[in-house]
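Reviewing the structure listed below.
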Amino acid sequence: MNDSFVAPAVDWLYLAPILVVLGAGVVGVLIEAFVPARVRRTVQVVLALLATAAAFALVVVLWRDPAVQGSDVAPYGVRVLGGSMVIDPFGLAVQGIVVLLAFLAILVIADRTSTGQDAFAPSAAAVPGSPYEDLTRRKGLEQTEVYPLVLFAVGGMMIFPATGNLLVMFVALEVLSLPLYVLSAMARRRRLLSQEASFKYFLLGAFASALFVFGVALVYGFAGSVDLVEVYRSLATPGGPLASMPGLVVVGALLVLAGLLFKIGAAPFHAWTPDVYQGAPTPITGFMAACTKAAAFGALLRVLYVVSLGLAQSSPATREDLFVALWVVTLLTMVVGTVVGAVQTDVKRLLAYSSIAHAGFILVGVVGFSQLSLRATVFYLLVYGLATVGAFAVVTLVRETAPVRERVPATVGAGEAGAPDNPSDDSGEQPVAVLGEATHLAQWAGLGRRSPWLAGTFSLFLLSMAGIPLTAGFVAKFTAFGAAIAGPDGQGGGSTWVLAVVGVLASAVAVFFYVRIIVLMFFTAPAGGADEGSGEGAGASEGAGVTVVRSAGPTTVAIAVCALGVLLLGVFPSPVLDLAAEAVKFVP
Amino acid sequence: MTTSVPWLSLLVAWPLVGAAAVWLTAAARTRGVGSGALRAVRGVALAAALVEVALLVAAFTAFDTSAAGTHQLTETYPWIPQIGASYAVGADGVALALVALSVVLVPLVVLAAWKEQDGDVRRLRHYLALVLLLEAFMVAVFVARDVFLFYVLFEAMLVPVYFMIGGFGVGARRRYAAVKFLLFSLAGGLIMLAAVIALYVQVPIDPATGARPEDAFLTSNLVGYFAENPMPVTTERLLFLGFFLAFAIKAPLFPVHTWLPDAAQHAPAGTSTLLVGVLDKVGTFGMLTLCLPLFPHASTWAAPVVVVLAVVSILYGALMAIGQSDLMRLIAYTSVSHFGFIVLGIFAFTSLSVSGSSLYMVNHGISTGALFLLAGFLIARHPERSQRIADYGGLQKVVPVLAGTFLVAGLSALSLPGLSTFVSEIMVLVGTFARSPWAALVAVLGVVLAALYVLLTYQRIFTGGTREGLDELPDLGAREKWVVAPLVVVLLVLGLYPAPALDLVREPAEVTLSDLAVAGVEDPPRSDPFADADGTLVEGQASHVTRSTDEGSES
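Here the protein sequences line up with chains A and B, keeping their order.
14 is the number of the first residue of the first sequence in the numbering used here; add one for each residue after it.
32 is the number of the first residue of the second sequence in the numbering used here; add one for each residue after it.
Right, dumping it as structure tokens:
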């Protein structure tokens, strides 16, 4: 060891996408301080969109970089900062997906719709129901810190799957989680629910972080390093730490994986998902459902492959033990996601359980454990993300209404519904106030008759999630289950096909609840004449109805892009599958 | 063999154009005068369906009937090479016959739907657009020569049908019927998905590229792979079951038939026509063109059980039909019985029974289509739109033309000699007798029961004293006559002169049997009296037709 500090040589180029996003986040904070309130929001939105778009462009440029793709003489992948960052095709692919989905999600976040309000509390610090809150609302304040927070989260998500160092991974985990905790608490309406969601998310997230960091400590205990290359080397040595302290190895690996599975939302670490998805502002829900999952799966695969390949060299039996645990998690995730999802009555909770089920389906592909499963995972993450961002974007547009006269002070006091804010401009005869999102399923009845386009695209997203052919979801499921049936040797060896069969049966159950929504939207008369599930929901009077607000533009763009993507990837998936196949290369 | 004009792709694409045209026409004109928009929508839909018929005629002229056992008019393009899927279409005689059935039925269904949906142009345009969309899927699924493509269409077809039943059907329980239909079909379909993936995994990896071939899913290629290196016995049986279950649900075969009566009861008559007449044939078509060639050993292994199920279907369907009080449910149950015959013929493994089953699919589509459409006309005349048979009576004097055509359609359901259904039914029975006499003998009971359910129904609806309130019903109008007339004509013509249809199905049956030869199945010697008596069935054995000449060249 030298006494003097030696500055490391850094290949800044390869960090450019991450630096752009994080830098834009920092600039965003400065904007909050120095730019006048009147233009602040516009500047923030433009900056966030530009940053994510630029990051995507840089990812594309790096993708073709010879050092990243490797050649006949040089291996692929670049290790920056001694492995703190690993820029390889796999990491870049996940980064690209994250940034792309984040761009679409920011479009949804930025939309103020025809009500002129975004989804966030005017001042998140105001106590729900307090006079101060009322004041902030009447003054028309806006919370523009949302955008830098989102950018920081995106930055964390980009580091997460592209690091070869467990400690850096932990830092990335925190960088991506902390802004999400804050963002979850900022819903404009149902603020108590939102804050409760944030608190739950924070508590459970902190718990998962603790598990993760404890796991890292144990790994350090046997490998003497937190660098994944060193971990691999130590695991692959026959008679190494595995012989002397097998418990440490297994427990360490399991704890690290548990921390990652929490972020993925796999059962039994899924408990936070429905509450947080329901409580968080809907645009944020779409953002974190899509992007967090992609980033976390990237990190999970990296760790899993290092551990598994290492163990395969020295102790296949231990590796089997590890995979039994993964099997249990996969099965449980699919069953919980679909069975519990089938009885939900809130559209956001339903989508949350659907997201749990999809985590299970992706895990089915992962457990197949071959080149095929990497390809399947990358493709699935993109498809799932598109459908999810799109679906939540649709949810933001379906709103409850109440007659303007009847202010609802009781619910304001409880922070449950918020006060009617703005008379909507499209109701001619009877003034009606547009409230928060109509998330109860009964309120979606008959939506297909009033807004066929909106209901049609939502059905498309649901059909894609259900895996109906000619949508992207089908191709994704085909590749994921294909990887599982092919097994590690690609010849149908192993018994992972059992998982695929369970996955297929779980899909059948999942179809049931997706179709239920389609039935509701197209075949059921709107509340009042409804013959099922009309007990709750939009009260008896005609006034307390459901309306569809017009997007101010960005959400429409996001929904259209997502719908187009889902259709195109369903009919012509070839080019993207090719890219996904290139992405299977990664260095530990 | 690739022709210069892609007739089959045109046949697939045109209805899509038509659907879009219907939809846009109405969107452009809904704000105008109601009746004008309605006329425009009907006109565009009918024109699209008729142009499709013209395309079909053109495809027929390009088709060489003397080589009906080979796939012709083929087109093959890579689609998703990463998973071995191609866009590959081509038709042999059976496929072309079924395409013809769908293409001919659609304009009739469009005509029959003229007054449906209460003249609401917005509903009608969606309905007609869905019918045309469904037509595209139906044509495509029959001409698909790629298992992946077939599967995709097999599943995607469910979506329009689901909306046609659930959105445009009749009765309070139509949503229940639609969901039941969807869940049954999807459950089968998803199990088939697992089998499709597993089938792909069974394809050997090409050592040169380190991956599976880019056209691995072509049916002909798959048959080739598994003829060279057979699958393990258990694997083959499991995969067979995965495919067969999906097809049995679709067909529908006892005991997974329960969705059909509900769906038929609540669907619009036109939808039932397409559903039972064409869509369900995809099930039996799949058994014939996928299960048998891909899994010959497993097919012979399962044949005894399948034959028993088929016989049970025949009897159970017929008995249930006799006991029904709802006209639409009754027709649905007769179809369960008829599908039993089709499956029986396929799994009897004789060239006579297999070609009989192929012909049966077409005939049953026409006969059942006519029954459903006529029943729809009858119900539309009832003041309360009742579907209960007991609410009718003595209509023979009131609506003689309707009664007469209904009788002809009914007689075709009981396979009266002189009608086309007789030919196919006798082929199935005689062919089956050569393989398993007892099954044929028990199945004959089904014919007797058929006479009961047809004649009893006719008696209850059309004879006796006319019920009150029904004595002023109008007879079939010109439009309705145009709907029924083509079907009756086809029934009669193919009944008296079946040779053109037989030419289409005979050689494909030989090819199927040659595919089964690896499992030790031989065509029994033609000692059966019927085949000797009818020279057309013995000639042109075409035993030289094998898979090697079949569509191998373009892949």
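All residues carry an ideal CB built from backbone N, CA and C; glycine is no exception.
Since we're looking at a predicted model, the values are computed, not measured.
Within 8 Å of any Cβ in chain B, is that where the Cβ of residue i sits?
i	result
residue 386 (chain A)	no
residue 498 (chain A)	yes
residue 475 (chain A)	no
residue 482 (chain A)	yes
residue 382 (chain A)	no
residue 524 (chain A)	yes
residue 581 (chain A)	no
residue 514 (chain A)	yes
residue 379 (chain A)	no
residue 528 (chain A)	yes
For residue i, return the contacting residues in chain A, with the cut-off set at a CB-CB distance below 8 Å.
i	result
residue 267 (chain B)	By Cβ distance, chain A contributes nothing, its closest Cβ being about 12 Å from residue 267 (chain B), past 8 Å.
residue 187 (chain B)	481, 482, 483
residue 183 (chain B)	482, 483, 487
residue 68 (chain B)	Near residue 68 (chain B) there are no residues of chain A at all, since even the closest Cβ is about 17 Å away, more than 8 Å.
So residue i contacts chain B; which residues on that side make the cut at Cβ distance below 7 Å?
i	result
residue 141 (chain A)	Within 7 Å Cβ-Cβ: nothing; residue 141 (chain A) doesn't reach chain B, min ~40 Å.
CA-CA distance, residue i and residue j?
i	j	result
residue 296 (chain B)	residue 268 (chain B)	36 Å
residue 171 (chain B)	residue 211 (chain B)	25 Å
residue 74 (chain A)	residue 193 (chain A)	29 Å
residue 331 (chain A)	residue 377 (chain A)	20 Å
residue 406 (chain B)	residue 414 (chain B)	14 Å
residue 426 (chain A)	residue 95 (chain A)	Caution is warranted here: a pLDDT of 38 is assigned to residue 426 (chain A), below 50, making its placement in the model unreliable, and the coordinate value is therefore given only provisionally. Those two C-alpha atoms are separated by around 55 Å.
residue 119 (chain B)	residue 126 (chain B)	14 Å
residue 417 (chain B)	residue 281 (chain B)	28 Å
residue 485 (chain B)	residue 304 (chain B)	18 Å
residue 448 (chain B)	residue 581 (chain A)	52 Å
residue 61 (chain A)	residue 36 (chain A)	11 Å
residue 469 (chain B)	residue 493 (chain A)	47 Å
residue 355 (chain A)	residue 476 (chain A)	15 Å
residue 257 (chain B)	residue 264 (chain B)	12 Å
residue 271 (chain A)	residue 221 (chain A)	7 Å
residue 153 (chain A)	residue 212 (chain A)	26 Å
residue 201 (chain B)	residue 404 (chain B)	15 Å
residue 515 (chain B)	residue 396 (chain B)	13 Å
Chain A partners of residue i, CB-CB under 7 Å?
i	result
residue 221 (chain B)	517, 520, 521
residue 218 (chain B)	521
Nearest chain A C-beta to residue i closer than 8 Å, yes or no?
i	result
residue 204 (chain B)	no
residue 504 (chain B)	no
residue 374 (chain B)	no
residue 167 (chain B)	no
residue 323 (chain B)	no
At a CB-CB cut-off below 9 Å, which residues of chain A make contact with residue i?
i	result
residue 113 (chain B)	388, 492, 586, 587, 590, 591, 593, 594
If you count every other CB in all the chains shown that lies within 10 Å of the CB of residue i, and 16 or more means buried, which is it?
i	result
residue 490 (chain B)	exposed
residue 182 (chain B)	buried
residue 260 (chain B)	exposed
residue 554 (chain B)	buried
residue 38 (chain B)	buried
Using the beta-carbon of each residue, which ones in chain B are nearer than 9 Å to residue i?
i	result
residue 511 (chain A)	Going along chain B, no residue has its Cβ under 9 Å from residue 511 (chain A), so there is no contact; the nearest lies around 10 Å.
Output, in chain order, the set of chain B residues within a Cβ distance shorter than 8 Å of residue i.
i	result
residue 495 (chain A)	114, 228, 231, 232
residue 535 (chain A)	194, 197, 198
residue 532 (chain A)	197, 206, 209, 210
- Is it true that the region 465-482 of chain B meets the region 343-350 of chain B, where meeting means three or more beta-carbon pairs spaced less than 8 Å apart? Taking 8 Å as the limit for Cβ pairs, the verdict is that the region 343-350 of chain B does touch the region 465-482 of chain B.
- Does the region 161-170 of chain A come close enough to the region 256-267 of chain A that 3 or more CB-CB pairs lie under 8 Å? no
- Three or more C-beta pairs below 8 Å linking the region 436-453 of chain B and the region 322-334 of chain B: no
- Contact between the region 338-347 of chain A and the region 273-286 of chain A (3+ Cβ pairs under 8 Å): yes
- Counting Cβ pairs closer than 8 Å, one from the region 141-151 of chain A and one from the region 108-124 of chain A, do we hit at least three? no
- Using 8 Å as the Cβ pair cut-off and three pairs as the minimum, do the region 370-377 of chain B and the region 425-433 of chain B touch? no
- Is there contact here, the region 320-330 of chain B with the region 270-290 of chain B, by at least three beta-carbon pairs under 8 Å? yes
- Message: With a threshold of 8 Å, are at least 3 pairs of Cβ atoms found where one atom belongs to the region 222-240 of chain A and the other to the region 300-314 of chain A?
- Response: no
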